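Notes for the one structure printed next.
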Amino acid sequence: MKSIIITGAGSGLGKELAIRYSRQGYHLLLIGRTFEKLKEVEEQIQAENGHADSFAVDISSPSEIQAFISQAAKQFTIYGLINNAGIGHFGPFEQMPHAEIEEMLHVNVLGTIYISQAVLPYLVEKNEGLVMNIISTAGLRGKINESGYAASKFAVRGFTESLQIEYGHTGIMIKAVYMGGMDTPFWDHNHFIKDKSRLRSPAEIADKILANIEKDAIIIESEK
Ligand SMILES: NC(=O)c1ccc[n+]([C@@H]2O[C@H](COP(=O)([O-])OP(=O)(O)OC[C@H]3O[C@@H](n4cnc5c(N)ncnc54)[C@H](OP(=O)(O)O)[C@@H]3O)[C@@H](O)[C@H]2O)c1
279 MKSIIITGAG
289 SGLGKELAIR
299 YSRQGYHLLL
309 IGRTFEKLKE
319 VEEQIQAENG
329 HADSFAVDIS
339 SPSEIQAFIS
349 QAAKQFTIYG
359 LINNAGIGHF
369 GPFEQMPHAE
379 IEEMLHVNVL
389 GTIYISQAVL
399 PYLVEKNEGL
409 VMNIISTAGL
419 RGKINESGYA
429 ASKFAVRGFT
439 ESLQIEYGHT
449 GIMIKAVYMG
459 GMDTPFWDHN
469 HFIKDKSRLR
479 SPAEIADKIL
489 ANIEKDAIII
499 ESEK
């Protein structure tokens, strides 16, 4: 059975993608920092007769990534990686603490880059697989109060577009996904979005991603 690793699979879009890829017959490796949330998703997948395993991994730690991937590669047939884990800090640029900017760069950018680097040799070995990077429309254009977040998402866009060229001659699919706001726990840590219920559900976004999976760049704008 082919396995797909999903980072940040315990909530929001990562959880919805995990459930859908399980229905397509893949085994899911659910990773994130909070084991309990992953376990709930794992149980939901198993209740539908799907297959999943949970691992507490902080993708801002290169050593945790390396240890997890080398262990996972011994036990499972790694087919795919969905770089979904991400965090956002928002507000006026001049007031943004360095710690918040650095956290976004460590998780959104370096986490994505280092885990991709750890996984790709296993995909190259089989000359097949999927790397899907969940970006944001903040990776397509700058936005007010989103300077640090947009900088991190533009970085992931540049990374993804480069991999698309570098692996263009292989059987490995590299996807970039850009979406507008979603109603997920992403917004729980700040007051930037007053009413997140007006945003699209992560389930709807996950369905749209899978419906457009043949595209290299999947763009799902917010409804006006
Ligand atoms: N919500 C939106 O409006 C929106 C719009 C466009 C793009 N996005 C992007 O969509 C992706 C998914 O976000 P979401 O909206 O579904 O938010 P979410 O529910 O908060 O999901 C993000 C997940 O990432 C995990 N995570 C955070 N830091 C991590 C780390 N260091 N290591 C491992 N896992 C980590 C979190 O779990 P733990 O805290 O347990 O680790 C969480 O489950 C993110 O990349 C986000 O930037 C979101």
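Counting the sequence shown from 1 gives a position; this note's numbering is that position plus 278.
Even glycine gets a Cβ: it sits at the ideal position worked out from N, Cα and C.
These numbers were taken from a predicted model, which means no experiment stands behind them.
Out of LEU308, GLU321, ASP494, which one is the CA nearest neighbour of ILE443? The residue with the shortest Cα to Cα distance from ILE443 is ASP494.
Spatial neighbours of GLU294 within its chain, please: C-beta separation below 7 Å, excluding the five flanking residues on both sides. Sequence-distant partners of GLU294 (beyond 5 residues in either direction) whose C-beta falls short of 7 Å from its own C-beta, in its chain, are PRO480, ALA481, ALA484.
Rounded straight-line distance, which links the Cα of ALA428 to that of ARG419: About 8 Å.
Any heavy atom of ligand 1 closer than 7 Å to the Cβ of ALA290? Strictly speaking, residue 290 in this sequence is Gly, with Ala absent from that position. Annotation for GLY290 indicates a beta carbon within 7 Å of some heavy atom of ligand 1.
Closer than 8 Å by C-beta to SER338: which residues in its own chain qualify, once you throw out the five before and the five after it? Chain order, please. Cβ neighbours of SER338 beyond the five flanking positions: GLU381, HIS384, VAL385, LEU388, GLY389.
List the endpoints of the continuous alpha helix (DSSP H) containing VAL434. From DSSP, the alpha helix (DSSP H) with VAL434 extends over 425-444.
Comparing alpha-carbon positions, which option in LEU441, GLY436, LEU401, PHE368 lies nearest LYS421? It is PHE368 whose Cα lies nearest to the Cα of LYS421.
For HIS305: DSSP bridge partner residues: The bridge partners DSSP lists for HIS305 are SER281, HIS329.
With hydrogens ignored, establish whether the beta-carbon of ILE422 is closer than 7 Å to any heavy atom of ligand 1. Answer for ILE422: no, Cβ out of range of ligand 1.
Along the chain, where does the beta strand (DSSP E) that runs through LEU359 open and close? Unbroken beta strand (DSSP E) run through LEU359: 355-361.
Do LEU359 and VAL335 come within 8 Å of each other at the CB atom, strictly closer than that value? For the 8 Å CB-CB criterion, VAL335 and LEU359 do not form a contact.
Kindly give me the distance between the Cβ atoms of ILE450 and GLU406, rounded to whole angstroms, as I take these residues to be in contact under 8 Å. About 7 Å; that satisfies the 8 Å criterion.
Enclosing alpha helix (DSSP H) for VAL397 [first to last residue]: Under the DSSP assignment, VAL397 falls in the alpha helix (DSSP H) whose first and last residues are 390-404.
Contacts around PRO340, its chain only, beta-carbon distance under 6 Å, and the 5 residues preceding and following it disregarded: Result list for PRO340: TYR392, in chain order.
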